[in-house]
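The block underneath contains the structure these notes are about, expressed in structure tokens.
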Amino acid sequence: MKYENRKKAGKVLANKIRKEIPKPIKEFIILAIPRGGVPVAFSVAKELDIPFNLVITKKLAHPNNPEVAIGAIAADGTYEINERILYYGVDQENLDKLKNNALEKVETRIKKYSKGKQLDVKNKNIFVIDDGIATGYTALVAGKYLKNLGAKKVILAIPVCPESSIEKVKKVYDELICPSIIKSYSFAVGSYYDDFHQNTDEELFDFIKKAKKNNLFYE
Numbered sequence: 002m003k004y005e006n007r008k009k010a011g012k013v014l015a016n017k018i019r020k021e022i023p024k025p026i027k028e029f030i031i032l033a034i035p036r037g038g039v040p041v042a043f044s045v046a047k048e049l050d051i052p053f054n055l056v057i058t059k060k061l062a063h064p065n066n067p068e069v070a071i072g073a074i075a076a077d078g079t080y081e082i083n084e085r086i087l088y089y090g091v092d093q094e095n096l097d098k099l100k101n102n103a104l105e106k107v108e109t110r111i112k113k114y115s116k117g118k119q120l121d122v123k124n125k126n127i128f129v130i131d132d133g134i135a136t137g138y139t140a141l142v143a144g145k146y147l148k149n150l151g152a153k154k155v156i157l158a159i160p161v162c163p164e165s166s167i168e169k170v171k172k173v174y175d176e177l178i179c180p181s182i183i184k185s186y187s188f189a190v191g192s193y194y195d196d197f198h199q200n201t202d203e204e205l206f207d208f209i210k211k212a213k214k215n216n217l218f219y220e
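Numbering (my numbering), first residue to last: 2 to 220.
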């Protein structure tokens, strides 16, 4: 399955959620992983009439090749790392520096996107939404972080993912909802979208503004 854009993917995902969630969906809130997860989450929020907000994380990039993600980290310091990378030029000292720098960026993003507010997710049922996963590190960190905050049930809902990531994701999440699971050794989320442009902060704030206008923003 190939999606026209993230908003259209959100509509397909919303239909999949309707079919797979037996309990009243109104009991859930949505937390989007920015920036790519925001348009998807906004579409799902509109379709299901449930509110959304953001869960902020930061990818950890290889110090010698910033394009290569080796893990991710959340605001409380929860992190996931590809341990094999430690054998390829990233020692513990470099890893600690990466984590500290990324944590500072997470805090900056929370101030920028959420005005520094800590979301209350204790005993909440949550859909974590992104535009897809490849390695799955960002999604894993988001799920662990929300459970650390006391979330009751955390479900990962994404339009597309590789079959190879499912087992890893299910170790953290209570459920996975995905309309398009790909059996492939080579996987890139953007390959399954016609329009996969990099979302801007302006677009993100516009979606938040629309959500607030339609009473679809969780605060």
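Glycine residues also receive a C-beta, built at the ideal position from the N, C-alpha and C atoms. Quick caveat: nothing in here was measured; it's all calculated off a predicted structure.
query, result
"Count the other CB atoms, across all protein chains shown, that sit within 10 Å of the CB of Glu81; report buried if there are 16 or more and exposed otherwise.", "buried"
"Does the beta-carbon distance from Glu48 to Ala15 come in below 8 Å?", "yes"
"Using C-beta distances below 7 Å, list every residue in its chain close to Lys148, excluding the 5 sequence neighbours before and after it, in chain order.", "Val155"
"Would you kindly report the start and end of the unbroken alpha helix (DSSP H) that includes Glu203?", "202–214"
"Skipping 5 residues on each side, what residues in its chain have a beta carbon closer than 6 Å to that of Leu150?", "Val122"
"Reducing DSSP to helix, strand and coil, say where Val122 ends up.", "coil"
"From Gly90, Asn66, Ile51, Lys98, pick the residue whose C-alpha is nearest to that of Ile1; which is it?", "Absent from the model: residue 1. The displayed extent of the chain is 2 to 220, so no value can be given."
"Tell me the DSSP bridge mates of Tyr194?", "Tyr4"
"Quick one: what's got a C-beta closer than 7 Å to Glu28's C-beta in the same chain, skipping five residues either side?", "Asn126"
"Cβ of Ile34 within 8 Å of Cβ of Thr139?", "yes"
"For Gly38, collect the residues of the same chain with a Cβ closer than 6 Å to its Cβ; drop the 5 residues on either side in sequence, then sort them by chain order.", "Ile130, Asp131, Asp132"
"Would you mind working out which of Tyr114, Asn65, Lys172 sits nearest Asp207, comparing C-alpha positions?", "Tyr114"
"What do you get for Ala212, buried or exposed, if any count of 16 or more other CB atoms within 10 angstroms of its CB means buried?", "buried"
"Is Asn6 near Tyr174, with beta carbons less than 8 Å apart?", "no"
"For the alpha helix (DSSP H) containing Pro40, name the first residue and the last one.", "38–49"
"Leaving aside the five residues before and after Asp77 along the sequence, list all residues of the same chain whose C-beta is less than 7 Å from its C-beta, in chain order.", "Tyr146, Asn149"
"Could you check the C-alpha separation between Pro52 and Lys20 for me, to the nearest Å?", "19 Å"
"Quick one: what does DSSP say Glu176 is sitting in, helix, strand or coil?", "strand"
"In this structure, does DSSP put Ser166 in helix, strand or coil?", "helix"
"State the start and end residues of the unbroken alpha helix (DSSP H) segment that holds Ile111.", "93–115"
"State the Cα-Cα distance for the pair Lys172 and Gly144, rounded to the nearest angstrom.", "10 Å"
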